[in-house]
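Right, one structure below, let's go through it.
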Amino acid sequence: MVPLPLIHPHRSASQVETFRKCQRKWALSKIDKVPQPSSTAQDKGKLGHLYVEWYLRHGILPNAAAVSPDFLEEARRQGTAIPTGPDCGIARTAKAIITAIRIPPRHPAVQVERFWRLRVQAPQEIDAVEILGYMDVWAYDPAKAAPPQVQDHKF
Numbered sequence: 127m128v129p130l131p132l133i134h135p136h137r138s139a140s141q142v143e144t145f146r147k148c149q150r151k152w153a154l155s156k157i158d159k160v161p162q163p164s165s166t167a168q169d170k171g172k173l174g175h176l177y178v179e180w181y182l183r184h185g186i187l188p189n190a191a192a193v194s195p196d197f198l199e200e201a202r203r204q205g206t207a208i209p210t211g212p213d214c215g216i217a218r219t220a221k222a223i224i225t226a227i228r229i230p231p232r233h234p235a236v237q238v239e240r241f242w243r244l245r246v247q248a249p250q251e252i253d254a255v256e257i258l259g260y261m262d263v264w265a266y267d268p269a270k271a272a273p274p275q276v277q278d279h280k281f
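Just add 126 to wherever you are in the sequence shown, counting from 1, and you've got our numbering.
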């Protein structure tokens with residue numbers, strides 16, 4: 127297999143997976159910048175993530191957020207589709223995630239969509255590879271002397 131081109135120095139786990147499956151698809155997206163339509167699953171995931179993020183940042187549960195003008199504006203800004211009819215249980219799933227993670231909203235020790243970077247030393251013939259991404263939730267309270275809580279939501 128051909129290594130990922132060095133002209134695109136930042137890589138995410140999903141980019142590596144796309145490159146492994148189809149190098150041309152990766153190049154069209156990351157080098158040629160050809161827009162890719164999102165799938166229904168991606169649209170549901172974006173909406174679910176936005177519901178959970180909105181709760182953690184503002185303390186507003188999904189059913190109330192769905193009718194909030196500020197929430198709808200943020201969804202529009204992010205390019206997140208809001209269903210006009212039933213939302214296929216996305217709000218219910220988001221509420222279950224909110225209940226399960228047990229993190230209070232607007233907590234100062236919580237970061238939503240925290241950026242991370244991992245530098246992996248590659249074999250000698252190529253440079254190190256840098257993998258970038260975002261954690262859905264990073265909760266760390268030094269007063270509790272516990273390891274950070276990291277969340278990655280799946281819808």
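Just so you know, even glycine gets a beta-carbon here, dropped at the ideal spot from N, CA and C.
- In this chain, the alpha helix (DSSP H) harbouring Ala201 covers Pro195 to Gln204.
- In the DSSP assignment, Tyr181 falls within the unbroken alpha helix (DSSP H) covering Thr166 to His184.
- Taking all protein chains in view, the Cβ of Trp242 is surrounded by fewer than 16 other Cβ atoms within 10 Å, so the residue is classified as exposed.
- Inclusion of Leu176 and Glu200 in the CB contact set at 8 Å is warranted, their separation being smaller than that value.
- In the structure shown, the three-state DSSP call for Val160 is coil.
- Rounded to the nearest whole angstrom, the C-alpha separation of Asn189 and Ala254 is 45 Å.
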